[in-house]
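Visitor: Here our numbering runs 26 ahead of the position in the sequence shown, where the first position is 1. Each residue gets a CB set at the ideal place from its N, CA and C atoms; glycine is no exception. Because the structure is a prediction, the values reported are computed rather than measured.
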Amino acid sequence: MELKEIYGLWDRFESSSATKLELDYQGTHLKLEKGNDGVVMQPVVSTPVAAGANGCEALSVKENTVATDQKRDVSEAEIKELKAPLVGIFYRAAAPGEKPYVEAGQKIAKGDIIGIIEAMKVMNEITAKEDGIVEEILAEDAALVEYNQTLLTFR
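#1: Could you tell me whether the Cβ atoms of residue 181 and residue 163 are closer together than 8 Å?
#2: Using a Cβ-based criterion (distance less than 7 Å to any ligand heavy atom), does residue 165 qualify as near the ligand COA?
#3: Nearest-angstrom Cα distance between residue 125 and residue 155?
#4: Name the two residues that bound the continuous beta strand (DSSP E) containing residue 153.
#5: Cα separation between residue 187 and residue 135?
#6: Taking 6 Å as the limit between beta carbons, can you name the residues of its chain near residue 145, skipping five residues before and five after?
#7: Determine the contact status of residue 52 and residue 110, defining contact as a CB-CB distance below 8 Å.
#8: Shortest alpha-carbon distance to residue 107 belongs to which of 119, 140 and 122?
#9: Tell me the DSSP secondary structure of residue 83 in three-state form.
#10: Among residues of its own chain, excluding the 5 on either side of residue 129, which ones have a beta-carbon nearer than 8 Å to its beta-carbon?
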């Protein structure tokens, strides 16, 4: 299981009303649990130990302590998501080979174009709903995105 998939599950779990999630998939064990305050406790991610050994070990300290890392400079409440308003193909630039509309670390203002989603041969400009600084661009260029899929995060 890829780290990106784990983060995706974690995000969906955080926004759901579920209080526990435990998953065994392709040799990876993932366990998430929310406290009474709705905050996700430290996740447990494990994968089978190298050939011939028994048991499980953490993927890495970084992956096993993501909750701590996210609180380093910016609290989770300050991280916001810009989500896809429709299903289609997401493009980061106006045309192939051109400069992307936004990059990680870039300031954006309300109304700035952050990308385009092509749906039924119509190019729909996706704009920022508020000012901020782009943290991470999650949608791949020229990739199919789903309704309400996070395209980028910002603060």
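Guide: This is what the structure gives:
#1: no
#2: The ligand content of the structure shown is nil, which means the ligand COA is not present either.
#3: 22 Å
#4: Following the DSSP letters along the chain, one finds residue 153 inside the beta strand (DSSP E) bounded by residues 148 to 153.
#5: No information on residue 187 is available, as it lies outside the stretch 27 to 181 that the chain covers here.
#6: 112 and 114
#7: For the 8 Å CB-CB criterion, residue 52 and residue 110 do not form a contact.
#8: With respect to the C-alpha of residue 107, the residue from 119, 140 and 122 having the closest C-alpha is 140.
#9: Since pLDDT at residue 83 reaches only 36, below the 50 mark, its modelled position is unreliable, and no value is offered.
#10: 160 and 163
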